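Peer 1: There's a structure below that I have some questions on.
Below, the structure written as structure tokens:
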């Protein structure tokens, strides 16, 4: 099995199209097709279902994709490790992060990394914690800053960053506007503004209400912090969020209430196993742990 066959297979799987994958790889479409057919012959299984309009993975193809991505990530890490030994860090740093993550100023951290390692290309992806965990475990990301979503596995380990309580934000005219601490039980029947279910704050809040056996209704679902704060400011609902959200300029006119009995909002750096962690990821983490940036929340 040749690495180029795996690279070609992964490109077609990502693009779901032979022509687009060939253009991205700068190879001929016939050569790409021949490479995939050679892999199918070696594995004695079809990897794609081909139609005139689209290409989809077979069950065998889906199984291979997980391992192929992991193999290619390990090969890239090996090449970059050799380059690092030779004195120059090169290659690519693929980083994932949730929006407004606590415990790390992502922009400042990446700026410090670029000053020290100008030959490394930085790629940044923003998504929910669950999706980021899958991307790191599959080898598509070198590391990610997110909320802890599951226990460590053979493919994924977590380095704690920070922990903070959850708070309720509401309009001053709301019945809870007095600012007294509340419990999930006190919030039954309220209309909530919240994030997509894969976001870390939403996962933490859902866990708190499930633990308290309190049903809640998310009437307004958003994908960015600023929209959430604007909707709460207009009195369209309340929000249960990490405490540092209440320190934002847009939240200055809102009331913040402590939530008793809710799980803490825990942020972590998610990485592959030590042996598969790329030199670029190690270099970034060294800046984080030695104080190369101030550790303040990302805006």
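In the numbering used here, the protein residues as written are 829 to 1127.
Note that CB positions come from ideal geometry on N, CA and C, so glycine has one too.
No experiment lies behind these values; they were computed from the predicted model shown.
1. In terms of alpha-carbon separation, which member of 974, 1106 and 1072 lies closest to residue 1026?
2. So, at 6 Å on beta carbons, what are the nonlocal neighbours of residue 909 in its own chain, with the 5 sequence-adjacent residues on each side left out?
3. Quick one: residues in its chain with C-beta nearer than 6 Å to the C-beta of residue 1011, no 5 flanking neighbours on either side, listed in chain order?
4. With DSSP run on the structure shown, which of helix, strand or coil describes residue 864?
5. I need the DSSP call for residue 949, collapsed to helix, strand or coil.
6. Apart from the five residues just before and just after residue 853, which ones in its own chain have a Cβ nearer than 8 Å to its Cβ?
7. Give the DSSP bridge partners of residue 1066, in chain order.
8. Within 10 angstroms of its Cβ, does residue 1125 collect 16 or more other Cβ (buried), or is it exposed?
9. Indicate the three-state DSSP secondary structure (helix, strand or coil) for residue 1123 in the structure shown.
10. Drop a sphere of 10 angstroms on the beta-carbon of residue 1081, count the other beta-carbons inside from all chains shown, and report buried for 16 or more, exposed for fewer.
11. Among the residues of its own chain, which have a CB less than 7 Å from the CB of residue 918, if the five just before and after it don't count?
12. Give me the Cα-Cα distance between residue 1123 and residue 985, rounded to the nearest whole angstrom.
13. Within the same chain, show all residues whose beta-carbon is closer than 8 Å to that of residue 877, passing over the 5 residues directly before and after it, in chain order.
14. Using CA atoms only, rank isn't needed, just tell me which of 833, 858 and 850 is closest to residue 875.
15. If residue 921 sits next to residue 951, beta carbons under 8 Å apart, how far is it from one beta carbon to the other, in whole angstroms?
16. Which first and last residues belong to the alpha helix (DSSP H) in which residue 1139 is found?
Peer 2: Reading from the atomic positions:
1. 974
2. 1107
3. 1088 and 1089
4. helix
5. strand
6. 835, 836, 839 and 860
7. 1020
8. A caution first: residue 1125 carries a pLDDT of 44, below 50, which makes its placement in the model unreliable, though a value can still be read off. When all chains shown are included, residue 1125 counts as buried.
9. Only weak support exists for where residue 1123 lies, its pLDDT of 44 falling under 50; the value from the coordinates is given anyway. Of the three classes helix, strand and coil, the one that applies to residue 1123 here is coil, per DSSP.
10. exposed
11. 908, 911, 947 and 948
12. Confidence at residue 1123 is low in this model, with a pLDDT of 44, below 50, so its placement is unreliable and the value that follows should be read with caution. Straight-line Cα distance between these residues: approximately 20 Å.
13. 883, 884, 885 and 886
14. 833
15. 7 Å
16. Residue coverage of the chain in this structure runs from 829 to 1127, which leaves residue 1139 outside it and unanswerable.
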